[in-house]
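Trainee:
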Amino acid sequence: MSTRRIFAQPARYAAIAPYLWMVLFFLVPFVFVLKISLSQTAIAQPPYVPVFDLSEGWSAIKAAFAQLSFDNFRLLISDSLYISSYLRSVVVAVTSTLILLLIGYPIAYGMARLPQRWQPIAMMLVIVPFWTSFLIRIYAWINILQHDGLLNKVLLALHLVSSPVVWLSTDTAMYLGIVYSYLPFMILPLYATLSKMDSSLLEAAADLGSSPRQAFWLVTFPLSLPGVGAGALLCFIPIIGEFVIPDLLAGSGSMMIGQTLWLEFFTNKDWPVAAAAAVALLALLVPPLLLYDRLQRRRLGDAK
Amino acid sequence: MARHVNRLSPFNITALALGVAFLYLPIVILVIYSFNASRLVTVWGGWSLRWYQEFFNDRAMLDAAWMSLRVGAVSATIATLLGTLAAVGLVRGERFRGRTLFSGMLYAPLVMPEVITGLSLLLLFVALNAERGFWTVTIAHTTLTMCFVTVVVQSRLASLDRSLEEAAMDLGCDPVQAFVRVTLPLILPAIAAGWMLAFTLSLDDVVIASFTTGPGSATLPIRIYSEVRLGVKPEINAICTIVIALIAVLIVIASLASKLSSARGESAAPL
């Protein structure tokens with residue numbers, strides 16, 4: 001045990017630099033977001049009234065708290081634009097996650113049943129698109145989906161449609177883009193649980209008289225639920241705040257909360273409201289993040 | 001009787017084939033059309049390198065590409081250093097004060113929407129009165145990508161046999177020497193893979209870069225993004241193909257690195 005003590009000392013100090021970095025560039029910025037979401041909108045540079053000045057000590061802090069304004073949040077609640085983008089984010093994230101599960105599960109299942117030496121190759125095939133630029137992959141779809149793009153050409157040639165279908169700037173295109181981009185995030189955790197599953201359980205089920213289909217629903221599927229949960233959350237959480245995909249592929253009708261934040265910030269230059277939208281988005285993410293954390297912990301606990 | 005349970009069914013094979021086709025077809029189409037001679041993106045006019053030439057004559061795009069490569073290289077290097085240190089601290093260090101907070105901070109950016117990370121960093125830079133440009137984007141990318149590096153290095157380090165280091169120390173190494181001479185060479189492939197992942201992620205990011213960059217220092221994705229919003233241009237196909245080729249080379253190197261690491265008897269990290 002004494003050797004472990006010797007280990008611990010220098011290893012512990014290794015964390016100091018990254019720790020400080022994360023506090024400075026991850027934690028502290030959130031404090032600023034909170035602070036600015038509670039400050040008044042002003043048309044100036046920087047476009048908000050500072051409400052905090054630590055150099056003036058305790059009285060300044062007290063004065064600052066007295067000045068805090070919840071106007072931005074009141075605006076978020078009263079304006080239907082924010083409520084609807086909030087709701088749309090949830091609807092889009094839930095729908096996409098369900099589609100991803102439906103498409104990702106059979107693929108992960110097929111991968112887990114491949115002969116042992118092909119499995120790493122299949123995994124590589126799934127990971128490579130995840131490495132390939134996400135913006136470029138969305139752009140590739142614009143090529144295909146545009147009015148005189150490949151999809152319409154194929155459909156016309158096969159006489160499936162009589163005139164070009166509008167794909168671009170529709171919700172269909174957006175869901176397609178989201179499913180395409182997040183598919184690896186769904187497949188990998190599913191594959192991880194499915195490939196670790198003990199096949200003797202299935203043999204036992206077969207010996208006891210269950211058909212392959214019954215065995216799947218009674219044995220495989222329930223055992224893969226942790227992977228389903230991890231995959232679903234891994235997709236759901238970032239999709240909620242998605243900006244690039246809906247901006248490029250969806251119509252201009254209704255926006256997701258990430259787009260609203262972007263619009264407030266870059267177009268309306270209303271930083272306090274943008275900050276308030278960020279806080280609201282964060283609040284939306286806390287429950288799934290906590291859930292994901294618990295799932296991860298349980299999985300790590302199982303591994304030990 | 002029991003043998004059929006693990007066989008591939010036609011359904012499995014169809015799912016796999018469709019899945020792979022879905023993932024790769026759009027990219028393949030993009031690459032093919034980048035060699036299209038026609039000005040119209042959708043009309044095939046024969047093979048040509050015209051749009052590549054166009055890109056190499058486009059000053060603004062080249063500047064953006066150079067900016068992206070610099071940001072990617074510098075941020076990936078800092079992120080790899082910090083991420084490796086973080087992984088060592090988390091795996092080899094005993095419990096220390098704020099360990100939960102630390103690992104929480106390292107996991108959060110992996111799933112946090114980029115608009116939040118971008119906006120919050122920008123507000124910090126404004127409060128610090130930092131001039132926005134190369135360094136602010138680099139710091140932002142470092143913050144995001146070091147979390148990915150930590151995950152990659154951490155999983156490799158956790159699967160490593162501790163007794164190797166203990167043996168080195170029994171033979172007279174101090175802990176730092178044992179780490180540098182025994183552990184570091186063993187986790188080097190994971191560190192290399194982490195660097196490449198960080199570089200790729202930085203090369204890909206639009207949202208965080210848009211928030212943290214200043215006027216006149218756009219990265220390549222920012223430029224591509226603003227072009228794409230205006231409509232499809234064949235030149236963009238060529239640029240995208242170059243980026244894909246660059247990333248493909250990096251992936252080959254990374255997979256060779258992880259092969260090397262599994263050849264050394266340990267299972268490789270999943271990324």
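As they're listed, the protein sequences go chains A and B.
Take 1 as the starting number for the first sequence in the UniProt record's numbering and just add one per residue.
Take 1 as the starting number for the second sequence in the UniProt record's numbering and just add one per residue.
We put the CB at the ideal spot given by N, CA and C, even for glycine.
A quick note: this is a predicted structure, and the numbers were derived from the prediction, not measured.
1. Using DSSP with H/G/I as helix, E/B as strand and the rest coil, what is residue 131/A?
2. Check whether the segment 183-203 of chain A touches the segment 229-237 of chain A, counting contact only when three or more Cβ pairs, one atom from each stretch, lie closer than 8 angstroms.
3. When you check each C-beta in the segment 25-37 of chain A against every C-beta of chain B, which residues fall closer than 8 angstroms?
4. Can you check the segment 73-151 of chain B for any alpha helix (DSSP H) of at least 4 residues that lies completely inside it and give the ranges in chain order?
5. Nearest-angstrom Cα distance between residue 310/A and residue 195/A?
6. So for residue 36/B, helix, strand or coil by DSSP?
7. Out of curiosity, what's the CA-to-CA distance linking residue 140/A and residue 288/A?
8. Do residue 102/B and residue 19/A count as a contact pair if the criterion is CB distance below 8 angstroms?
9. Quick check on residue 77/A - is its C-beta less than 8 angstroms from some C-beta in chain B?
10. Under 7 angstroms, CB to CB, which of the residues in the segment 122-155 of chain B have a partner in chain A?
11. Would you say residue 109/B reaches chain A, if we count a Cβ-Cβ gap shorter than 8 angstroms as a contact?
12. Please determine if the segment 249-258 of chain B and the segment 184-195 of chain B are in contact, where contact requires at least 3 C-beta pairs separated by less than 8 angstroms.
13. Using a C-beta to C-beta distance shorter than 8 angstroms, which residues of chain A count as neighbours of residue 176/B?
14. In terms of residues, what are the limits of the alpha helix (DSSP H) holding residue 115/A?
15. Less than 8 angstroms between CB atoms is the rule here; does residue 84/A satisfy it with respect to chain B?
16. Quick one, which of 98/A, 76/A, 132/A and 281/A has its alpha-carbon nearest residue 89/A's?
17. Terminal residues of the continuous alpha helix (DSSP H) containing residue 72/A?
18. Would you list the residues sitting across from residue 47/B in a DSSP beta bridge?
19. Step through the CB atoms of chain A and report whether any lies within less than 8 angstroms of the CB of residue 269/B.
20. Just to confirm the assignment: which complete alpha helix (DSSP H) runs, minimum length 4, are found wholly within the segment 189-240 of chain B?
21. Go through its chain and collect everything with a Cβ distance to residue 294/A's Cβ below 8 angstroms, but skip five positions before and after it.
22. If you run the structure through DSSP and keep just helix, strand and coil, what is residue 242/A?
23. Can you find a C-beta in chain B that's less than 8 angstroms from the C-beta of residue 248/A?
24. Taking only beta carbons into account, state which residues of the segment 164-191 of chain B come closer than 9 angstroms to chain A, listed in chain order.
25. Determine the burial state of residue 43/A: buried for a count of at least 16 other Cβ atoms within 10 Å of its Cβ, exposed for fewer.
26. So which of 71/A, 82/A and 22/A has the shortest CA-CA distance to residue 284/A?
27. May I have the straight-line CA-CA distance separating residue 111/A from residue 216/A, to the nearest angstrom?
28. With C-beta atoms as the reference, is residue 232/B less than 8 angstroms away from residue 142/A?
29. Does the beta-carbon of residue 56/B have 16 or more other beta-carbons within 10 angstroms, so that it is buried, or is it exposed?
30. Give the secondary structure of residue 167/A by DSSP, where H, G and I count as helix, E and B as strand, and everything else as coil.
31. Pull up the CB-CB distance for residue 191/A and residue 123/A, whole angstroms please, since I reckon it's below 8 angstroms.
32. Would you mind reading off the limits of the alpha helix (DSSP H) that contains residue 30/A?
33. At which residues does the alpha helix (DSSP H) containing residue 162/B begin and terminate?
34. Return no unless some Cβ of chain B is closer than 8 angstroms to the Cβ of residue 128/A.
35. Hey, is the segment 104-123 of chain B in contact with the segment 65-82 of chain B, meaning 3+ C-beta pairs nearer than 8 angstroms?
Mentor: So, from the data block:
1. As a position in the first sequence, residue 131/A is number 131, starting the count at 1. Helix.
2. Short answer: they touch.
3. 25, 26, 27, 28, 29, 30, 32, 33 and 36
4. 99-111 and 114-127
5. Since the first and last residues shown for chain A are 1 and 304, residue 310/A lies out of range.
6. Here residue 36/B corresponds to residue number 36 of the second sequence, with the count starting at 1. It is a strand residue.
7. To locate residue 140/A, count along the first sequence from 1; it is residue 140. To locate residue 288/A, count along the first sequence from 1; it is residue 288. Distance between the alpha carbons of residue 140/A and residue 288/A: 31 angstroms.
8. Taking the first sequence and counting its residues from 1, the one referred to as residue 19/A is at position 19. Taking the second sequence and counting its residues from 1, the one referred to as residue 102/B is at position 102. It is a contact, given that the beta carbons lie within the stated cut-off.
9. Here the question's residue 77/A lines up with position 77 in the first sequence. Not an interface residue.
10. Under the 7 angstroms Cβ criterion, the segment 122-155 of chain B contributes 123, 124, 126, 127, 139, 143 and 146.
11. By 1-based counting over the second sequence, the position of residue 109/B is 109. Judged by the 8 angstroms Cβ criterion, residue 109/B is in contact with chain A.
12. Yes, since at least three Cβ pairs between the segment 249-258 of chain B and the segment 184-195 of chain B fall closer than 8 angstroms, the two stretches touch.
13. Mapped onto the second sequence, residue 176/B falls at position 176. Here the neighbours are 10.
14. The residue given as residue 115/A occupies position 115 in the first sequence. Run containing residue 115/A: none; DSSP gives neither H nor E here.
15. Taking the first sequence and counting its residues from 1, the one referred to as residue 84/A is at position 84. Residue 84/A does not count as touching chain B.
16. Position 89 of the first sequence holds residue 89/A. Closest option to residue 89/A, Cα to Cα, is 281/A.
17. Here residue 72/A refers to the residue found at position 72 when the first sequence is read from its first residue. Residue 72/A -> alpha helix (DSSP H) spans 71-78.
18. Numbered from its first residue, the second sequence carries residue 47/B at position 47. 36/B, per the DSSP bridge assignment.
19. Locating residue 269/B in the second sequence gives position 269, where the first residue counts as 1. In this prediction, residue 269/B scores a pLDDT of 42, lower than 50, which makes its location untrustworthy; no coordinate-derived value is stated.
20. Every alpha helix (DSSP H) stretch that sits fully inside the segment 189-240 of chain B and reaches 4 residues is listed by chain position as 207-212 and 220-230.
21. Residue numbering aside, residue 294/A sits at position 294 when the first sequence is read from its first letter. Contacts found: none.
22. As a working mapping, residue 242/A is identified with position 242 in the first sequence. Residue state, collapsed to three classes: coil.
23. Reading the first sequence from its first residue, position 248 is the one you call residue 248/A. Chain B, which has a Cβ nearer than 8 angstroms to the Cβ of residue 248/A, makes this yes.
24. For the segment 164-191 of chain B, which is checked against every Cβ of chain A, the residues closer than 9 angstroms are 165, 166, 169, 170, 174, 175, 176, 178 and 179.
25. Taking the first residue of the first sequence as position 1, residue 43/A is located at position 43. With a pLDDT of 46 at residue 43/A, under the threshold of 50, the modelled position of that residue is not reliable, and the figure given next carries that caveat. With fewer than 16 Cβ atoms within 10 Å of its Cβ, residue 43/A is classed as exposed.
26. Within the first sequence, the letter at position 284 stands for residue 284/A. Of 71/A, 82/A and 22/A, the residue nearest in Cα terms is 82/A.
27. Residue numbering aside, residue 111/A sits at position 111 when the first sequence is read from its first letter. Residue numbering aside, residue 216/A sits at position 216 when the first sequence is read from its first letter. Roughly 15 angstroms between the two C-alpha positions.
28. Within the second sequence, numbered from 1, the residue matching residue 232/B stands at position 232. Within the first sequence, numbered from 1, the residue matching residue 142/A stands at position 142. Against a cut-off of 8 angstroms, the Cβ pair of residue 142/A and residue 232/B comes out as a contact.
29. Stepping through the second sequence from its first residue, residue 56/B is reached at position 56. Residue 56/B comes out exposed.
30. Taking the first sequence and counting its residues from 1, one reaches residue 167/A at position 167. Coil.
31. What you label residue 191/A is simply residue 191 of the first sequence in a count that begins at 1. What you label residue 123/A is simply residue 123 of the first sequence in a count that begins at 1. Rounded, the Cβ-Cβ distance is 7 angstroms, consistent with contact.
32. If you number the first sequence from 1, residue 30/A lands on position 30. Looking at the DSSP string, the run of the alpha helix (DSSP H) that includes residue 30/A is 28-37.
33. Counted from its first residue, the second sequence places residue 162/B at position 162. Looking at the DSSP string, the run of the alpha helix (DSSP H) that includes residue 162/B is 162-170.
34. Sequence index remark: in the first sequence, residue 128/A carries index 128 (1-based). Yes, its Cβ sits closer than 8 angstroms to a Cβ of chain B.
35. no
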